[in-house]
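Contents: one structure, followed by commentary.
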Amino acid sequence: MRQRTLRRASARARVDRLRSHFASADRVLIMMQDDPDPDAIASALALRSLLGRTKAAAPIATFGTITRPENRAMTRILDIDVEEIKGHAIDEYDMVAMVDAQPSFFEEPFGEVDLVIDHHPEETPARARLRDIRPSWGATSTIMTEYLRAADVKITQRLATALLYGIMTDTLHLERGAIKADLEAFAYLHQLANHAALRRIERPELPNEALDVLALGIARRQLTHGVVFSHLGPVAYPELVAQFAEFFLQIEGAEWSVVSGTVNGELHISVRNVGYVRAAGDVVRRAFGDVGRAGGHRAMAKAVIRLRDWQARVGEPAGDALRQAIVTRFLQALRS
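Residue numbering for the sequence shown follows my numbering, starting at 11 and increasing by one per position.
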């Protein structure tokens, strides 16, 4: 009980500091990563609620596009406006906050931002006036739920639904990387959320082109040493790669899934594991960190590599040569 009281007091102090910091700003930009996931979207919505801001005074934004069907369904069903902006638009705002992301995650150069709240490991020290980065936590939505409760902010059904879905997706329904705080937040939000809306979000329409890609991925799958590999070739959006990495982990005998695809001149590699093996982020950094951006958590990770960099440093960025290079690099990293 005493530990919980201390944690609540610490969270309340953090809230007071960030509210005081943003009080003088007319317009606050709440930034998420490119192609934001449910955890990012929910956390951005929670931060705006915590600051008591309107959509106009604190828009939620990304440099990318929301591509995954479930994520588009989430914004539509829960009526969450997400603006797609360019780098120069940042100058229009008095202050910038980042949720579920850090300045180093972006290709657009950032100076010091005002706030970073995230649960991803730091690639480089986050340049922020205020920062709360907790890599051991399963979701940024859990951190935001702690803030809201500590500040006695009313969590509406809409916000509870978003936060619950953020925790569900980032922890695979509490089966991946969840700690006690995630369990507590999940239990609290579960009683407030709209579960009919959640079911609609989780079962969006699947485009026909996604089925074609899945069929190709299944045909190309390769299971070796407990790792299932599949290269999808060109795909419409990066989230398809991550989505099918989750799917292929269900294959009998698979402890790891490594799924890759190319999008707009980049190679995207998504990695998932069953959770009780080596940390996925460490393996992916070892396998692909020398040619592109690579990292992640214990059970999920990704690498994003420009095809021209792959060609310059590894070899042919297509066909059997690409598939075999991915297999070789990953297995070597896994065994080292």
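Using N, Cα and C, we set each Cβ at its ideal position, and we do this for glycine too. Keep in mind it's a predicted model, so treat the numbers as computed, not measured.
Inter-residue Cα distance where the pair is residue i and residue j
| i | j | result |
| --- | --- | --- |
| residue 295 | residue 106 | 29 angstroms |
| residue 197 | residue 184 | 11 angstroms |
| residue 25 | residue 303 | 32 angstroms |
| residue 42 | residue 69 | 11 angstroms |
| residue 29 | residue 62 | 9 angstroms |
| residue 148 | residue 195 | 11 angstroms |
| residue 50 | residue 71 | 10 angstroms |
| residue 234 | residue 324 | 22 angstroms |
| residue 31 | residue 16 | 23 angstroms |
| residue 316 | residue 334 | 18 angstroms |
| residue 146 | residue 224 | 32 angstroms |
| residue 79 | residue 320 | 29 angstroms |
| residue 175 | residue 345 | 35 angstroms |
| residue 289 | residue 342 | 15 angstroms |
| residue 108 | residue 60 | 14 angstroms |
| residue 163 | residue 19 | 15 angstroms |
| residue 347 | residue 232 | The requested residue 347 does not occur in the structure, where the chain is confined to residues 11 to 346. |
| residue 338 | residue 297 | 9 angstroms |
| residue 204 | residue 322 | 50 angstroms |
| residue 326 | residue 241 | 14 angstroms |
| residue 312 | residue 102 | 32 angstroms |
| residue 123 | residue 82 | 27 angstroms |
| residue 300 | residue 27 | 39 angstroms |
| residue 360 | residue 44 | Outside the displayed span of the chain (11 to 346) sits residue 360, for which this structure offers no information. |
Where residue i falls, given that 16 or more other Cβ within 10 Å makes a residue buried
| i | result |
| --- | --- |
| residue 180 | buried |
| residue 112 | buried |
| residue 187 | buried |
| residue 67 | exposed |
| residue 305 | buried |
| residue 253 | buried |
| residue 218 | exposed |
| residue 157 | buried |
| residue 286 | exposed |
| residue 190 | exposed |
| residue 23 | exposed |
Option in the options with minimal Cα separation from residue i
| i | options | result |
| --- | --- | --- |
| residue 330 | 203, 225, 230, 165 | 230 |
| residue 155 | 173, 193, 323, 326 | 173 |
| residue 228 | 182, 152, 258 | 258 |
| residue 307 | 321, 292, 297, 313 | 292 |
| residue 125 | 138, 102, 226 | 138 |
| residue 46 | 298, 263, 116, 65 | 116 |
| residue 273 | 175, 314, 168, 205 | 314 |
| residue 73 | 346, 277, 97 | 97 |
| residue 165 | 200, 142, 339 | 200 |
| residue 236 | 340, 131, 84, 23 | 340 |
| residue 130 | 301, 141, 121 | 141 |
| residue 277 | 247, 226, 102, 261 | 247 |
| residue 38 | 100, 262, 265 | 100 |
Pair within 7 angstroms by beta-carbon distance, residue i and residue j
| i | j | result |
| --- | --- | --- |
| residue 268 | residue 239 | yes |
| residue 251 | residue 271 | yes |
| residue 57 | residue 76 | no |
| residue 104 | residue 128 | no |
| residue 114 | residue 53 | no |
| residue 192 | residue 211 | no |
| residue 160 | residue 21 | yes |
| residue 91 | residue 65 | yes |
| residue 136 | residue 171 | no |
| residue 213 | residue 255 | no |
| residue 84 | residue 48 | yes |
| residue 168 | residue 88 | yes |
Identity of the residues DSSP links to residue i by a beta bridge
| i | result |
| --- | --- |
| residue 350 | Any question about residue 350 goes unanswered here, given that the chain covers just 11 to 346. |
| residue 248 | Paired residues: none, contrary to the question. |
| residue 283 | 266 |
| residue 98 | Answer is none; residue 98 lacks a bridge partner. |
| residue 183 | According to DSSP, which records beta bridges pairwise, residue 183 is partnered with nothing at all. |
| residue 200 | Residue 200 is not bridged to any residue. |
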